[in-house]
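Counting from 0, one number per residue, gives the positions in the sequence shown under numbering that gives the first Met the number 0.
Even glycine gets a Cβ: it sits at the ideal position worked out from N, Cα and C.
Predicted model only: the values in this text are computed from it and were never measured.
Working notes for the structure below.
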Amino acid sequence: MEFENLTLISNKKGLQKVKLTLQKLEKIIPNLIISKPRYGEIRDQILISFRISKDHLSIVVQKLIYNDIKILPTTDEIKTIIENLTNELTSKNPIVSMGWEEARPKVKKPTLSISQLEEMAEEGNYEEILKISKDMINYGQSLVERAQKVLNQTIFNAIQKNYETGQSNKIKAKESIDNLIKIAGEPILRSTQKTELIKEAGNFAIELSKNFDDLHDELILIANNNKIHNLTNVKAVIAFAELIKLNEPESSELIEFAVREINLRWLSIALDVAQTNLSPTELKTFNDFIEFVKTKRAGKADSEN
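Here it is as C-alpha coordinates:
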(Lines of atoms letter the chains of each structure in order from A and count residues from 1; the text may use other names and numbers.)
(Lines give C-alpha, C1' and ligand atoms only; values in the text may rest on other atoms or scores of the structure.)
Protein backbone atom coordinates (compact mmCIF):
# COMPACT_ATOMS: atom_id res chain seq x y z
CA MET A 1 0.00 0.00 0.00
CA GLU A 2 1.30 3.47 -0.91
CA PHE A 3 1.29 6.32 1.60
CA GLU A 4 1.28 10.11 1.33
CA ASN A 5 2.58 12.66 3.83
CA LEU A 6 0.21 15.40 5.00
CA THR A 7 1.16 18.43 7.07
CA LEU A 8 -1.48 20.56 8.80
CA ILE A 9 -1.11 24.00 10.41
CA SER A 10 -2.95 25.04 13.56
CA ASN A 11 -2.65 27.28 16.57
CA LYS A 12 -2.76 25.86 20.08
CA LYS A 13 -6.43 26.66 20.39
CA GLY A 14 -7.32 24.69 17.25
CA LEU A 15 -5.11 21.67 17.98
CA GLN A 16 -7.85 19.73 19.76
CA LYS A 17 -10.17 20.24 16.78
CA VAL A 18 -7.51 18.76 14.47
CA LYS A 19 -7.05 15.72 16.71
CA LEU A 20 -10.80 15.07 16.97
CA THR A 21 -11.26 15.48 13.22
CA LEU A 22 -8.52 12.94 12.46
CA GLN A 23 -10.04 10.49 14.93
CA LYS A 24 -13.44 10.87 13.30
CA LEU A 25 -12.00 10.40 9.81
CA GLU A 26 -10.52 7.05 10.86
CA LYS A 27 -13.94 5.94 12.07
CA ILE A 28 -16.05 6.98 9.08
CA ILE A 29 -13.73 6.25 6.13
CA PRO A 30 -13.36 2.50 5.54
CA ASN A 31 -9.77 1.16 5.43
CA LEU A 32 -8.23 4.57 6.08
CA ILE A 33 -4.82 4.36 7.74
CA ILE A 34 -3.42 7.41 9.58
CA SER A 35 0.02 7.15 11.16
CA LYS A 36 0.83 8.59 14.58
CA PRO A 37 1.12 12.39 14.12
CA ARG A 38 4.38 14.25 14.72
CA TYR A 39 4.26 17.79 16.07
CA GLY A 40 6.49 20.82 15.55
CA GLU A 41 6.27 24.54 16.27
CA ILE A 42 7.03 27.62 14.19
CA ARG A 43 6.49 30.76 16.30
CA ASP A 44 2.89 30.51 17.46
CA GLN A 45 1.89 27.91 14.86
CA ILE A 46 1.84 24.14 15.35
CA LEU A 47 2.69 21.75 12.51
CA ILE A 48 1.01 18.33 12.56
CA SER A 49 2.57 15.80 10.17
CA PHE A 50 1.36 12.25 9.50
CA ARG A 51 1.07 9.67 6.75
CA ILE A 52 -2.17 8.38 5.21
CA SER A 53 -2.98 5.67 2.69
CA LYS A 54 -2.61 7.30 -0.73
CA ASP A 55 -5.95 5.98 -2.00
CA HIS A 56 -7.67 8.17 0.59
CA LEU A 57 -5.71 11.37 -0.06
CA SER A 58 -8.46 13.23 -1.89
CA ILE A 59 -11.28 12.46 0.55
CA VAL A 60 -9.11 13.28 3.60
CA VAL A 61 -8.00 16.62 2.15
CA GLN A 62 -11.61 17.35 1.27
CA LYS A 63 -12.88 16.67 4.80
CA LEU A 64 -10.09 18.72 6.38
CA ILE A 65 -10.81 21.71 4.15
CA TYR A 66 -14.55 21.48 4.82
CA ASN A 67 -13.69 21.71 8.52
CA ASP A 68 -11.53 24.80 7.98
CA ILE A 69 -8.27 23.02 8.80
CA LYS A 70 -5.26 24.40 6.96
CA ILE A 71 -3.09 22.03 4.91
CA LEU A 72 0.42 22.72 3.64
CA PRO A 73 0.53 22.06 -0.14
CA THR A 74 3.71 19.99 0.02
CA THR A 75 3.16 18.26 -3.36
CA ASP A 76 1.59 19.29 -6.66
CA GLU A 77 -1.16 16.72 -6.17
CA ILE A 78 -2.13 18.11 -2.77
CA LYS A 79 -1.93 21.66 -4.11
CA THR A 80 -4.30 20.79 -6.98
CA ILE A 81 -6.84 19.14 -4.67
CA ILE A 82 -6.79 22.16 -2.34
CA GLU A 83 -7.19 24.65 -5.19
CA ASN A 84 -10.07 22.75 -6.77
CA LEU A 85 -11.97 22.43 -3.50
CA THR A 86 -11.31 26.03 -2.51
CA ASN A 87 -12.62 27.24 -5.88
CA GLU A 88 -15.69 25.05 -5.52
CA LEU A 89 -16.48 26.38 -2.06
CA THR A 90 -15.88 29.98 -3.08
CA SER A 91 -18.08 29.81 -6.18
CA LYS A 92 -20.89 27.58 -4.98
CA ASN A 93 -21.03 27.94 -1.23
CA PRO A 94 -19.13 30.97 0.07
CA ILE A 95 -19.13 30.07 3.75
CA VAL A 96 -15.95 31.00 5.53
CA SER A 97 -16.03 28.27 8.15
CA MET A 98 -18.28 25.25 8.43
CA GLY A 99 -18.62 22.70 11.21
CA TRP A 100 -18.28 18.96 10.65
CA GLU A 101 -21.98 18.21 10.18
CA GLU A 102 -22.54 21.12 7.81
CA ALA A 103 -19.40 20.42 5.80
CA ARG A 104 -20.59 18.37 2.88
CA PRO A 105 -19.86 18.36 -0.86
CA LYS A 106 -22.65 19.89 -2.89
CA VAL A 107 -23.97 16.49 -3.88
CA LYS A 108 -27.17 15.15 -2.41
CA LYS A 109 -26.57 12.35 0.04
CA PRO A 110 -28.34 9.18 -1.12
CA THR A 111 -31.45 8.29 0.83
CA LEU A 112 -32.27 4.62 1.17
CA SER A 113 -34.39 2.62 3.56
CA ILE A 114 -33.77 -0.91 4.79
CA SER A 115 -36.87 -2.09 2.90
CA GLN A 116 -35.56 -0.59 -0.34
CA LEU A 117 -32.24 -2.31 0.21
CA GLU A 118 -34.03 -5.61 0.83
CA GLU A 119 -35.94 -5.12 -2.42
CA MET A 120 -32.65 -4.61 -4.29
CA ALA A 121 -31.36 -7.83 -2.76
CA GLU A 122 -34.49 -9.72 -3.79
CA GLU A 123 -34.09 -8.47 -7.36
CA GLY A 124 -30.46 -9.59 -7.44
CA ASN A 125 -29.05 -6.07 -7.84
CA TYR A 126 -25.66 -7.17 -6.53
CA GLU A 127 -23.70 -4.28 -8.06
CA GLU A 128 -25.69 -1.70 -6.09
CA ILE A 129 -25.61 -3.77 -2.91
CA LEU A 130 -21.86 -4.18 -3.31
CA LYS A 131 -21.43 -0.43 -3.69
CA ILE A 132 -23.53 0.30 -0.60
CA SER A 133 -21.63 -2.31 1.43
CA LYS A 134 -18.42 -0.29 1.01
CA ASP A 135 -19.76 3.27 1.41
CA MET A 136 -19.99 4.11 5.10
CA ILE A 137 -19.78 7.85 4.43
CA ASN A 138 -22.93 8.11 2.31
CA TYR A 139 -25.07 5.29 3.71
CA GLY A 140 -24.18 4.95 7.38
CA GLN A 141 -23.31 1.97 9.53
CA SER A 142 -26.70 0.21 9.71
CA LEU A 143 -27.26 0.19 5.94
CA VAL A 144 -23.67 -0.81 5.21
CA GLU A 145 -23.83 -3.70 7.67
CA ARG A 146 -27.17 -4.84 6.26
CA ALA A 147 -25.80 -4.66 2.70
CA GLN A 148 -22.81 -6.77 3.74
CA LYS A 149 -25.15 -9.29 5.34
CA VAL A 150 -27.41 -9.73 2.28
CA LEU A 151 -24.67 -9.59 -0.37
CA ASN A 152 -24.28 -13.35 -0.76
CA GLN A 153 -28.03 -13.86 -1.10
CA THR A 154 -28.20 -10.99 -3.59
CA ILE A 155 -25.53 -12.58 -5.78
CA PHE A 156 -27.31 -15.93 -5.55
CA ASN A 157 -30.59 -14.26 -6.57
CA ALA A 158 -28.88 -12.61 -9.55
CA ILE A 159 -27.49 -15.96 -10.68
CA GLN A 160 -30.85 -17.72 -10.35
CA LYS A 161 -32.73 -14.91 -12.06
CA ASN A 162 -30.39 -14.90 -15.05
CA TYR A 163 -30.47 -18.67 -15.38
CA GLU A 164 -34.27 -18.82 -15.28
CA THR A 165 -34.64 -15.93 -17.73
CA GLY A 166 -32.09 -17.45 -20.09
CA GLN A 167 -34.00 -20.68 -20.53
CA SER A 168 -36.82 -19.06 -22.51
CA ASN A 169 -35.04 -18.40 -25.83
CA LYS A 170 -31.57 -17.99 -27.31
CA ILE A 171 -31.68 -14.17 -27.27
CA LYS A 172 -32.45 -14.12 -23.57
CA ALA A 173 -29.94 -16.92 -23.07
CA LYS A 174 -27.15 -14.88 -24.66
CA GLU A 175 -27.95 -11.90 -22.42
CA SER A 176 -28.02 -14.14 -19.36
CA ILE A 177 -24.73 -15.83 -20.29
CA ASP A 178 -23.07 -12.42 -20.55
CA ASN A 179 -24.51 -11.40 -17.17
CA LEU A 180 -23.45 -14.65 -15.51
CA ILE A 181 -19.92 -14.40 -16.87
CA LYS A 182 -19.78 -10.82 -15.61
CA ILE A 183 -20.63 -12.11 -12.12
CA ALA A 184 -18.14 -14.97 -12.48
CA GLY A 185 -15.38 -12.53 -13.40
CA GLU A 186 -16.20 -9.70 -10.99
CA PRO A 187 -12.81 -8.78 -9.46
CA ILE A 188 -14.23 -7.64 -6.13
CA LEU A 189 -16.15 -10.89 -5.69
CA ARG A 190 -13.02 -12.91 -6.47
CA SER A 191 -11.02 -10.90 -3.94
CA THR A 192 -13.61 -11.30 -1.16
CA GLN A 193 -13.60 -15.10 -1.08
CA LYS A 194 -16.93 -15.69 -2.81
CA THR A 195 -15.48 -18.55 -4.82
CA GLU A 196 -18.47 -20.87 -4.68
CA LEU A 197 -20.82 -18.17 -5.93
CA ILE A 198 -18.65 -17.16 -8.88
CA LYS A 199 -18.15 -20.83 -9.80
CA GLU A 200 -21.92 -21.29 -9.67
CA ALA A 201 -22.39 -18.34 -12.03
CA GLY A 202 -19.91 -19.93 -14.42
CA ASN A 203 -21.66 -23.31 -14.23
CA PHE A 204 -25.02 -21.78 -15.12
CA ALA A 205 -23.45 -19.91 -18.04
CA ILE A 206 -22.14 -23.24 -19.31
CA GLU A 207 -25.57 -24.86 -18.94
CA LEU A 208 -27.28 -22.11 -20.92
CA SER A 209 -24.63 -22.33 -23.63
CA LYS A 210 -25.34 -26.06 -23.97
CA ASN A 211 -29.09 -25.54 -24.25
CA PHE A 212 -29.09 -23.73 -27.61
CA ASP A 213 -27.28 -24.92 -30.74
CA ASP A 214 -26.44 -21.38 -31.82
CA LEU A 215 -24.73 -20.71 -28.51
CA HIS A 216 -22.39 -23.71 -28.35
CA ASP A 217 -19.51 -21.48 -29.43
CA GLU A 218 -19.96 -19.55 -26.18
CA LEU A 219 -18.33 -22.52 -24.46
CA ILE A 220 -15.05 -21.80 -26.22
CA LEU A 221 -15.26 -18.13 -25.22
CA ILE A 222 -15.86 -19.18 -21.62
CA ALA A 223 -12.92 -21.59 -21.82
CA ASN A 224 -10.63 -18.78 -22.98
CA ASN A 225 -11.79 -16.23 -20.41
CA ASN A 226 -8.90 -15.47 -18.04
CA LYS A 227 -11.03 -13.37 -15.68
CA ILE A 228 -13.12 -16.25 -14.34
CA HIS A 229 -12.33 -19.23 -12.11
CA ASN A 230 -10.04 -21.82 -13.71
CA LEU A 231 -12.48 -24.63 -12.96
CA THR A 232 -15.09 -22.86 -15.08
CA ASN A 233 -12.61 -22.66 -17.98
CA VAL A 234 -11.96 -26.38 -17.81
CA LYS A 235 -15.63 -27.32 -17.33
CA ALA A 236 -16.52 -25.32 -20.45
CA VAL A 237 -14.04 -27.39 -22.48
CA ILE A 238 -15.49 -30.62 -21.09
CA ALA A 239 -19.04 -29.51 -21.92
CA PHE A 240 -17.99 -28.58 -25.46
CA ALA A 241 -16.17 -31.90 -25.96
CA GLU A 242 -19.23 -33.85 -24.84
CA LEU A 243 -21.46 -31.94 -27.26
CA ILE A 244 -19.07 -32.54 -30.16
CA LYS A 245 -18.83 -36.24 -29.34
CA LEU A 246 -22.59 -36.59 -29.54
CA ASN A 247 -23.01 -34.55 -32.73
CA GLU A 248 -19.67 -34.77 -34.53
CA PRO A 249 -21.05 -35.19 -38.08
CA GLU A 250 -23.13 -32.01 -37.75
CA SER A 251 -20.47 -30.01 -35.91
CA SER A 252 -17.75 -29.44 -38.50
CA GLU A 253 -18.02 -25.63 -38.43
CA LEU A 254 -18.08 -25.58 -34.65
CA ILE A 255 -15.06 -27.87 -34.50
CA GLU A 256 -13.18 -25.61 -36.88
CA PHE A 257 -14.04 -22.63 -34.69
CA ALA A 258 -12.78 -24.42 -31.57
CA VAL A 259 -9.57 -25.63 -33.22
CA ARG A 260 -8.87 -22.11 -34.45
CA GLU A 261 -9.81 -20.14 -31.33
CA ILE A 262 -9.21 -22.25 -28.23
CA ASN A 263 -6.28 -21.05 -26.11
CA LEU A 264 -4.29 -24.18 -25.28
CA ARG A 265 -1.62 -22.36 -23.30
CA TRP A 266 -4.18 -20.72 -21.02
CA LEU A 267 -6.06 -24.00 -20.54
CA SER A 268 -2.86 -25.75 -19.53
CA ILE A 269 -2.50 -23.20 -16.73
CA ALA A 270 -6.18 -23.52 -15.80
CA LEU A 271 -5.94 -27.31 -15.60
CA ASP A 272 -3.09 -27.13 -13.09
CA VAL A 273 -5.43 -25.31 -10.71
CA ALA A 274 -8.65 -27.17 -11.50
CA GLN A 275 -7.71 -30.82 -11.97
CA THR A 276 -8.06 -31.79 -8.30
CA ASN A 277 -11.76 -30.91 -8.63
CA LEU A 278 -12.34 -33.13 -11.68
CA SER A 279 -13.46 -36.73 -11.80
CA PRO A 280 -11.27 -39.20 -13.74
CA THR A 281 -13.86 -39.21 -16.53
CA GLU A 282 -13.90 -35.41 -16.75
CA LEU A 283 -10.12 -35.26 -16.78
CA LYS A 284 -9.96 -37.82 -19.60
CA THR A 285 -12.58 -35.92 -21.62
CA PHE A 286 -10.61 -32.70 -21.21
CA ASN A 287 -7.25 -34.23 -22.13
CA ASP A 288 -8.68 -36.12 -25.09
CA PHE A 289 -10.18 -32.94 -26.51
CA ILE A 290 -6.95 -30.98 -26.05
CA GLU A 291 -5.07 -33.72 -27.91
CA PHE A 292 -7.76 -33.67 -30.59
CA VAL A 293 -7.22 -29.93 -31.10
CA LYS A 294 -3.44 -30.33 -31.20
CA THR A 295 -3.75 -33.09 -33.82
CA LYS A 296 -6.09 -30.98 -35.94
CA ARG A 297 -3.75 -28.00 -35.78
CA ALA A 298 -0.73 -30.14 -36.64
CA GLY A 299 -2.57 -31.65 -39.61
CA LYS A 300 -3.57 -28.22 -40.86
CA ALA A 301 0.01 -26.97 -40.53
CA ASP A 302 1.31 -29.98 -42.51
CA SER A 303 -1.22 -29.41 -45.29
CA GLU A 304 -0.19 -25.79 -45.62
CA ASN A 305 3.52 -26.65 -45.94
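Leaving aside the five residues that flank tyrosine 162 on each side, the residues in its chain whose CB is nearer than 8 Å to its CB run, in chain order, Ser175, Leu179, Phe203, Glu206, Leu207. Distance from the CA atom of lysine 226 to the CA atom of leucine 19, rounded to whole angstroms, is 43 Å. According to the DSSP assignment, glutamine 44 belongs to no alpha helix (DSSP H) but to the beta strand (DSSP E) extending over 44-52. Going by DSSP, asparagine 202 is part of no beta strand (DSSP E) but of the alpha helix (DSSP H) stretching over 194-210. The continuous alpha helix (DSSP H) containing asparagine 223 extends over residues 217-223. Here DSSP, grouped into helix, strand and coil, assigns serine 9 to strand. DSSP places glutamate 290 within a helical segment (H, G or I) once states are collapsed to three. In the three-state reduction of the DSSP assignment, lysine 133 falls in the coil class. Counted as a single uninterrupted DSSP element, the alpha helix (DSSP H) harbouring isoleucine 176 occupies residues 169-183. Counting C-beta pairs closer than 8 Å gives fewer than three between the stretch 24-36 and the stretch 8-15, which falls short of the contact rule. Judged by DSSP secondary structure, isoleucine 268 falls within the alpha helix (DSSP H) whose first and last residues are 263-273. In this structure, the beta-carbon distance from threonine 284 to histidine 228 does not fall below 8 Å. Listed in chain order, the non-local C-beta contacts of lysine 35 below 8 Å within the same chain comprise Phe49, local neighbours out to five positions each way being set aside. When DSSP states are grouped into helix, strand and coil, lysine 69 belongs to the strand group. Sixteen is the threshold: since fewer than 16 other Cβ atoms of the shown chains lie within 10 Å of the Cβ of isoleucine 268, the residue is exposed.
Secondary structure at glycine 39: strand, using DSSP grouped into helix, strand and coil.
Nearest to leucine 214 by alpha-carbon distance, out of Leu142, Lys169, Lys244, is Lys169. Proximity of the stretch 216-223 to the stretch 232-240 meets the contact definition, three or more beta-carbon pairs being nearer than 8 Å. Classified as exposed, lysine 12 has fewer than 16 neighbouring CB atoms from the shown chains inside 10 Å of its CB. Counting every other CB atom within 10 Å of its CB across the protein chains shown gives serine 114 a total below 16, marking it as exposed. When C-beta atoms of the stretch 237-244 are compared with those of the stretch 279-293, three or more pairs fall below 8 Å, so the two segments count as touching.
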